[in-house]
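Visitor:
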Amino acid sequence: GAGVSQTPSNKVTEKGKYVELRCDPISGHTALYWYRQSLGQGPEFLIYFQGTGAADDSGLPNDRFFAVRPEGSVSTLKIQRTERGDSAVYLCASSVQGLAGNEQFFGPGTRLTVL
Amino acid sequence: SQQGEEDPQALSIQEGENATMNCSYKTSINNLQWYRQNSGRGLVHLILIRSNEREKHSGRLRVTLDTSKKSSSLLITASRAADTASYFCATDAGGAQKLVFGQGTRLTINP
């Protein structure tokens, strides 16, 4: 079956612009996660959705970052007024349920470059 | 912030040799997972070990967990060129749904 997909695969933008990154989870997975990975580092948690609601947004670095999942499936991560420090690979993952220990299935990521 | 530290940061061995990677973490956990990442993109789940387990096997992979030392190790036996990747440990940081990753070990298998 289809895995987690993310679009675009690469995004280049200019400082100050607004960007949207999309994640399509595995069908039937109720839990969806966003992580950010800087070069040479492990992924860092941003936000977790259980269904349509953000169950944990403690990893969002500031109020320029926002994510939605209006119908409990596709999610969009939105970054306003992008900064060069936002450049990273943004990874999305989904799991059957948001239970600790459930395997998370990752998408290929979106590489964001802010010039 | 990162939960743990992996060591070594980089490891280069010959095909056929065994590769051992270590992970240490800071807080109590319910389980620990290992993931593999090729070319800096999507991660693939390898194995999960629960806090009440000490050792687990899956194919050529062997994972150990020592909760008293807050550490885990991943052993890949009879390595192959296709095992070249970055390997990350990840914990649930005390039962949270999110994963907290270490910084990873970059493994290179030389043919």
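As you go down the protein sequences, you meet chains V and L in turn.
In terms of our numbering, the first sequence opens at residue 1 and continues consecutively.
In terms of our numbering, the second sequence opens at residue 1001 and continues consecutively.
The beta-carbon is built from N, C-alpha and C at its ideal position, and this holds for glycine as well.
(1) State yes or no: is the beta carbon of ASP56 (chain V) nearer than 9 Å to at least one beta carbon in chain L?
(2) Which of the three DSSP states is assigned to GLY85 (chain V) in this structure?
(3) Between PHE105 (chain V) and chain L, is the shortest Cβ-Cβ distance under 9 Å, so that the two count as touching?
(4) Tell me the DSSP secondary structure of ASP1083 (chain L) in three-state form.
(5) Excluding sequence positions up to five away, which residues of its chain have a Cβ less than 8 Å from the Cβ of SER1058 (chain L)?
(6) Whose CA, out of V:THR30, V:SER87, V:GLY59, lies closest to the CA of ASN10 (chain V)?
(7) Of all the beta strand (DSSP E) runs that stay within the bounds of the stretch 2 to 53 of chain V, which reach a length of 3 or more residues?
(8) According to DSSP, is GLN1002 (chain L) helix, strand or coil?
(9) Is VAL74 (chain V) close to chain L, meaning its C-beta is less than 9 Å from at least one C-beta of that chain?
(10) Per DSSP, what kind of secondary structure is SER1039 (chain L) in: helix, strand or coil?
(11) Where does VAL114 (chain V) sit, in a helix, a strand or coil, going by DSSP?
(12) Buried or exposed, going by whether 16 or more other CB atoms sit within 10 Å of the CB of GLN97 (chain V)?
(13) GLU1055 (chain L) to ASP1066 (chain L), Cα distance in whole Å?
(14) When burial is assigned at 16 or more other CB atoms within 10 Å of the CB, is LEU115 (chain V) buried or exposed?
(15) Taking beta-carbon pairs under 9 Å, can you tell me which members of the stretch 1040 to 1066 of chain L lie near chain V?
(16) Say whether the stretch 38 to 48 of chain V touches the stretch 1094 to 1109 of chain L, bearing in mind that this needs 3 or more beta-carbon pairs closer than 8 Å, one atom from each stretch.
Guide: The relevant details are as follows:
(1) As a position in the first sequence, residue 56 (chain V) is number 56, starting the count at 1. At least one chain L Cβ lies under 9 Å of ASP56 (chain V).
(2) Within the first sequence, residue 85 (chain V) is the residue found at index 85, counting from 1. Helix, per DSSP.
(3) In the first sequence, residue 105 (chain V) corresponds to position 105, counting from 1. Chain L has a Cβ within less than 9 Å of the Cβ of PHE105 (chain V).
(4) For this step, residue 1083 (chain L) is matched to residue 83 along the second sequence. Three-state DSSP puts ASP1083 (chain L) in a helix.
(5) Position 58 of the second sequence holds residue 1058 (chain L). Result list for SER1058 (chain L): LEU1046, ILE1047, in chain order.
(6) In the first sequence, the residue the question calls residue 10 (chain V) occupies position 10. It is V:SER87.
(7) Annotation: the stretch 2 to 53 of chain V contains the following complete segments of the beta strand (DSSP E) (minimum length 3 residues), in chain order: 5 to 7, 10 to 13, 19 to 24, 31 to 37, 44 to 50.
(8) As a first step, residue 1002 (chain L) is located in the second sequence; it is residue number 2 there, counting from the start. Per-residue confidence for GLN1002 (chain L) stands at a pLDDT of 49, beneath the threshold of 50, marking its modelled position as unreliable; the derived number appears in the next sentence. In the structure shown, GLN1002 (chain L) sits in coil (DSSP, three-state: anything other than H, G, I, E or B).
(9) On the first sequence, residue 74 (chain V) is found 74 positions in, with the first residue counted as 1. It does not; no Cβ of chain L falls within 9 Å.
(10) Position 39 of the second sequence, counted from the start, is the residue given in the question as residue 1039 (chain L). Reduced to three states, the DSSP call for SER1039 (chain L) is coil.
(11) Within the first sequence, residue 114 (chain V) is the residue found at index 114, counting from 1. Here VAL114 (chain V) sits in strand by DSSP.
(12) For the purposes of this step, residue 97 (chain V) is taken as residue 97 along the first sequence, with counting starting at 1. Exposed, because fewer than 16 other Cβ atoms sit within 10 Å of the Cβ of GLN97 (chain V).
(13) Working through the second sequence from its first residue, we reach residue 1055 (chain L) at position 55. Working through the second sequence from its first residue, we reach residue 1066 (chain L) at position 66. Cα-Cα distance, rounded: 9 Å.
(14) The residue labelled residue 115 (chain V) in the question sits at position 115 within the first sequence. Exposed, by the Cβ-count rule.
(15) GLY1040, ARG1041, GLY1042, LEU1043, VAL1044, HIS1045, LEU1048, ARG1050
(16) yes
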